[in-house]
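**Q** Before we start, here is the structure in question, set down as structure tokens.
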Amino acid sequence: MLQNEIYVGSMVQGRQYTPSYRSKKREPIPKEDWVVVPDMHEPIISRELFDEAQKRLIARKKTIKAKDKDEPALFAGLFYCEACGTSMKLGVSQQKYFYYMCGRSQAIGTVACSSHYINRDTLYQVVQEDIKRNAKLFSEDAEKAAQKLMELKCADQQKQTTTMKRDLASAKKRLADLDVKLKRTYEDNMSGKLPDHIFTMFIADYDTERATLKANIAEMEKTLEKVRDTKADIERFADLIRKYTSFEKLDRFMLHELIDRITIYETPGMGRCRKGKEKRITIYYKFVGAIQ
Ligand SMILES: [Zn+2]
């Protein structure tokens with residue numbers, strides 16, 4: 003059921019064909035050749051849920067495959083090369099330890115992308131420590147941790163929030179006043195109290211001020227909304243991460259619950275000398291993205 007596109011409202015056609023007139027047997031057509039027309043009918047499950055289930059399914063398949071090598075692919079579907087976007091491929095060294103390298107580099111060579119080579123245990127440790135560190139921060143002083151994250155995500159906007167709310171209120175009031183004034187001026191002109199040339203001048207001024215005010219209001223509302231959204235996202239993340247204040251081992255469920263993706267990047271141009279190459283692992287958490 004999880005793999006059936008029909009549950010998210012897509013129409014799937016051409017999944018089978020009859021290979022020859024003599025044969026009544028219908029042959030399956032490769033999935034990539036199916037005709038999928040998205041959003042044809044009301045979805046039974048949401049597209050998000052469907053995609054998430056697909057992701058987990060792929061991860062599960064990969065885990066089973068990797069178990070042959072006596073090592074579950076814990077980071078399957080989560081770990082990507084920052085430089086080219088390809089997923090990092092798990093490999094086993096001659097010394098029998100597991101490592102990851104960029105799939106593109108592995109397939110085409112280092113001309114295509116740097117290897118971004120990393121020992122699996124190193125990655126494990128970095129991720130484990132980062133989860134523990136954040137869980138600790140959010141369980142010890144959630145308000146402070148959220149505030150810090152808020153500053154990271156929208157520092158400038160947040161600083162403006164107080165003054166912006168005030169400015170927004172006065173801009174809205176000014177806009178309402180303008181409309182009243184416009185109506186009065188119009189009436190004065192109609193009754194002959196206001197000559198036409200002065201009326202035209204007023205109208206031009208009003209139009210300009212009105213347009214500016216409207217643009218400013220829209221801009222401020224957008225900023226305030228972003229601050230509100232970010233706050234809500236941080237709260238969601240806080241609820242998630244607090245569940246993991248103490249855990250023994252990383253498992254795939256928690257990784258998928260907490261993390262969108264993990265990427266690796268290394269400073270290029272160091273030639274054959276590996277020394278001095280700085281590897282940077284970025285963890286993009288659910289709802290809040292990169293935290294550092
Ligand atoms: Zn790459």
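Heads up: the sequence shown at position 288 corresponds to 290 in this note's numbering, and the numbers run straight through without jumps. Cβ atoms here follow ideal geometry from the backbone N, Cα and C, with glycine treated the same way. Keep in mind it's a predicted model, so treat the numbers as computed, not measured.
1) Within 10 angstroms of its Cβ, does Ser-107 collect 16 or more other Cβ (buried), or is it exposed?
2) Heavy atom of ligand 1 less than 7 Å from the Cβ of Cys-156, yes or no?
3) Taking a cut-off of 7 Å, which residues have a beta-carbon closer than that to any heavy atom of ligand 1, in chain order?
4) Going by DSSP, what residues sit across from Ile-264 in a beta bridge?
5) Taking DSSP as the reference, what is the three-state secondary structure of Ile-293?
6) Between Asp-207 and ligand 3, is the CB less than 7 Å from at least one heavy atom?
7) Is the distance from the Cβ of Arg-263 to the Cβ of Tyr-82 below 8 Å?
8) Could you compute how far the alpha carbon of Leu-257 sits from the alpha carbon of Phe-77?
9) In terms of alpha-carbon separation, which member of Ser-172, Tyr-287 and Lys-233 lies closest to Glu-145?
10) Measuring only the C-alpha atoms, how far is Lys-161 from Arg-238?
11) Can you tell me which residues form a DSSP beta bridge with Met-103?
**A** From the atom records:
1) Around the beta carbon of Ser-107, 16 or more other beta carbons sit within 10 angstroms, so the residue counts as buried.
2) Outside the cutoff, so no.
3) Sorted by chain position, residues whose beta-carbon lies closer than 7 Å to a non-hydrogen atom of ligand 1 are Cys-83, Ala-85, Cys-86, Thr-88, Cys-104, Arg-106, Ser-107, Cys-115, Ser-116 and His-118.
4) When beta bridges are read from the DSSP output, Ile-264 appears opposite Phe-81 and Ile-285.
5) In the three-state reduction of the DSSP assignment, Ile-293 falls in the coil class.
6) Among the ligands modelled here, namely ligand 1, ligand 3 does not occur.
7) A contact, by the Cβ cut-off of 8 Å.
8) When rounded, the distance between both Cα atoms is 8 Å.
9) Of the listed residues, the one whose Cα sits closest to Glu-145 is Lys-233.
10) Here the alpha carbon of Lys-161 sits roughly 22 Å from the alpha carbon of Arg-238.
11) For Met-103, the pairing in a beta bridge is given by DSSP as Lys-91.
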